[in-house]
Amino acid sequence: MRLLFSILLITLTFYSCKKEVARDEGKTAYIGGEIINPINKQVIISKSNTIIDTILLDSKNRFLYQVNDLESGLFTFKLQTQHGEEFQLALLEPNDSIMIRLNTIDFDESLVFTGNGAKKNNYLINMFLENEEINKNILNYYQLSPIAFESKIDSIKKLRSTKLNLFLKKNIASGLFHQIAKGNIDYNYYLNKEIYPFAYYGDNEIKNLQSLPKNFYNYRKNIDYNSNALKDYFTYKTFLRYHFKNLALSEHLKISKDSILKRNSYCYNLDKLKLIDSLITDQDIKNPLLSISSINYINKTKNLKELDSFLNYYYEKSTDEKDKNYIKKLVQSLKQLKVGNKIPNLTLVNYKGQEVNLHKLVRKPTALYFWSTDYKSHLQESHTKVKDLMQKYPEVNFISINIDRPNAKSISKVLTQYGLSLKNEYQFKDPKAAKEALAINPIIKVMLLDKKGKIVDPHTNLFSVQFEEEVLGLLNQ
């Protein structure tokens, strides 16, 4: 195996020498590698949400791709795994010849880079895995007082910065790499500070949130809202989502006397869009934030008059036509899913490959919940929650629907791996059309139906504290 990789790397070097002019102009880089246990033969390469190319694996599950007219930055490589679609990032700069090797069974943990440009990418993937481990421990720190919490995360940030400085002393690295690696440390730190108040105090009493130390948000003066280097990086994008939620709250409180945070309110959500528009000029950063913030509001509001006004503002500020068309379809579907309307009669497929109409499955009060292999934690948590609810409320029919591309064998294997029964488990025959018809976004959505298939609640949350009250209300109809 090592010999084969050596041959491939020598080949890359040969190609690079032949393309000497391109190297001097900084126009070319290579990415390739070997995929262990591939589900299909495709590797999708993209940058800033734009697909560059789809590459087919050869007979030995290897690929090699030349990136021409290179714009240095983070590139995404995406492929199917046993657990659904997964992706990771690679930093590509002029003259890089990066080889990846990964096993789809253990995607992130198995990923290793070799070749020219490997050291910086191995460092970044290790930082990503370190983020996951740190964020697990942070859950315990959220229970600490503000001063004790700051002390903990300050020490983590200091240790990570020291490790980065040691790497930079030992290795030649570009300014872009330094920006990304430092940004990862900084914005993971900022993210934890944005989450902390709501994890510690909760949403219930706003006065508690206002009792934070005066310097708690001092780091905000260092935020770059238009970082070209970080715009494709997980941590940065996640930070911005939480940050604008909190900024909108501060803005909302200037005119509102609410003592409890009302995340579904029109004014609060409109303030969020206005802040995103005023602070972000980079459309690659702005458009996704406008879109996800709008979708969150659309799915929760029941006031259609306010919704139309909200959407007018969104359509005016977003320049992403694909997102705008998606949201228009989402709104059209939601308006069809009014309380009292009958659920669309979609075609489902069971795990014997047999088709069945949804209407035929609804013979008593019913809860439809959804899952995808792209969200493994939700898959486990939702089924565990429903198992408990089925014992409490045997009068309710809980129907589980997988929203991925139909593949009875593959999905039944996933359920079996998690020790779950196949009873009341279905897939959509046409997932794309079904997801549009039922406005399934986000995945945690649950729909409650009466025994005649009429909609009682088109959008509730399995994990909401009010969910059991809603189930009881369904039974009492």
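The opening residue of the sequence shown carries number 56 in our numbering; numbering runs sequentially from there. All C-beta atoms in this analysis are idealised placements derived from N, C-alpha and C, irrespective of residue type, glycine included. Only a predicted model underlies this, so the values are computations on that prediction, with no experimental measurement involved.
**OP:** State the Cα-Cα distance for the pair E80 and Y120, rounded to the nearest angstrom.
**Re:** Below a pLDDT of 50, predicted positions are generally treated as unreliable, and E80, at 47, falls in that range; the measurement from the model is reported next regardless. Approximately 19 Å between the Cα atoms of the pair.
Subject >> Exposed unless 16 or more other CB atoms sit within 10 angstroms - verdict on Y370 >> reply: exposed
Subject >> Contacts around V404, its chain only, beta-carbon distance under 8 Å, and the 5 residues preceding and following it disregarded >> reply: E410, V411, P461, A463, Y481, Q482, F483, K484
**OP:** Less than 8 Å between the CB atoms is what I'm expecting for T83 and V122, so what's the real figure, rounded?
**Re:** 7 Å
Original post:
In terms of residues, what are the limits of the alpha helix (DSSP H) holding I153?
Top reply: Taken as a continuous stretch (DSSP letters only), I153 belongs to no alpha helix (DSSP H), being part of the beta strand (DSSP E) at 152-158.
Original post:
Can you name the start and end residues of the beta strand (DSSP E) that E185 belongs to?
Top reply: From DSSP, E185 is part of no beta strand (DSSP E) but of the alpha helix (DSSP H) over 173-196.
Subject >> Straight-line Cα distance separating K440 from L345 >> reply: 32 Å
Original post:
Of the residues L246, A254, I250, L219, which one's Cα is nearest the Cα of K237?
Top reply: L219
Original post:
Per DSSP, what kind of secondary structure is L246 in: helix, strand or coil?
Top reply: helix
Subject >> Start-to-end residues for the beta strand (DSSP E) that takes in S422 >> reply: Note that residue 422 is Ala in the sequence shown here, rather than Ser. Where A422 is concerned, the enclosing beta strand (DSSP E) stretches over 421-426.
**OP:** With a cut-off of 8 Å on the beta carbons, I'd call S305 and Y291 a contact; round off their distance for me.
**Re:** So it is not a contact: roughly 21 Å between Cβ atoms.
Original post:
Considering I456, what are the terminal residues of the alpha helix (DSSP H) in which it resides?
Top reply: First-last for I456: 452-457, but that is the beta strand (DSSP E), not the alpha helix (DSSP H).
Original post:
Can you tell me the Cα-Cα spacing of H433 and N457, whole angstroms?
Top reply: 12 Å
Original post:
Whose C-beta lies closer than 8 Å to the C-beta of Q97 among residues of the same chain, with five residues either side of it excluded?
Top reply: T109, I110, L111, L112, L134, Q135
Subject >> Top-ranked residue by Cα proximity to G230, from F162, L285, L517, Q521 >> reply: L285
Original post:
Of the choices L359, I211, N354, whose alpha-carbon is the least far from that of H514?
Top reply: N354
Original post:
Quick one: Cα of L223 to Cα of Q234, how far?
Top reply: 12 Å
Original post:
Enumerated in chain order, which unbroken segments of the alpha helix (DSSP H) with a length of 4 residues or greater are wholly contained in the segment 300-361?
Top reply: 321-334, 338-355
**OP:** Give me whichever residues DSSP pairs with G15 in a beta bridge.
**Re:** This structure leaves residue 15 out entirely; the chain is present only between 56 and 532.
Subject >> beta strand (DSSP E) segments (min. 3 residues) lying fully within the segment 468-494 >> reply: 480-483
**OP:** Please determine, among Y352, P201, D279, N239, the residue with the shortest C-alpha to C-alpha distance to R215.
**Re:** N239
Subject >> 8 Å Cβ shell around G528 - same chain, five flanking residues per side excluded >> reply: V511
Original post:
What is the DSSP secondary structure of I365, reduced to helix, strand or coil?
Top reply: Here the sequence assigns Phe to residue 365, which means Ile is not the residue at that position. If DSSP states are grouped into helix, strand and coil, F365 belongs with the helices.
Original post:
Mind checking V394: buried by the 16 CB within 10 Å criterion, or exposed?
Top reply: exposed
Subject >> Sequence-distant residues of its chain with Cβ nearer than 6 Å to D151 (five each side left out) >> reply: A84, N171, G172
Original post:
Can you list, in chain order, the residues of its chain whose CB lies under 7 Å from that of F522, leaving out five sequence neighbours each side?
Top reply: T515, N516
Original post:
By how many angstroms is the C-alpha of K372 removed from the C-alpha of H307?
Top reply: 20 Å
Original post:
Going along the chain, which residues of its own chain have a beta-carbon closer than 6 Å to the beta-carbon of E141, five neighbours each way excluded?
Top reply: F162
Original post:
Are Y245 and L334 close, meaning C-beta to C-beta below 9 Å?
Top reply: no
Original post:
Is E148 buried or exposed, if buried means 16 or more other CB atoms sit within 10 Å of its CB?
Top reply: buried
Subject >> Inter-stretch contact (C-beta, 8 Å, three-pair minimum) for the segment 496-510 and the segment 414-425 >> reply: yes
Subject >> Classification of G408 by the beta-carbon crowding that lies within 10 angstroms, buried from 16 upward >> reply: exposed
Original post:
By Cβ distance below 7 Å, which residues in the same chain neighbour P201 in space, the five residues on each side in sequence not counted?
Top reply: L267, P268, F271
Original post:
Can you round the beta-carbon distance between D459 and S427 to whole angstroms, since I take them to be within the 8 Å contact cut?
Top reply: 5 Å
Subject >> Status (buried if at least 16 other CB within 10 Å, exposed otherwise) for L328 >> reply: buried
Original post:
Taking the DSSP output, what are the residues bridged to K509?
Top reply: K397
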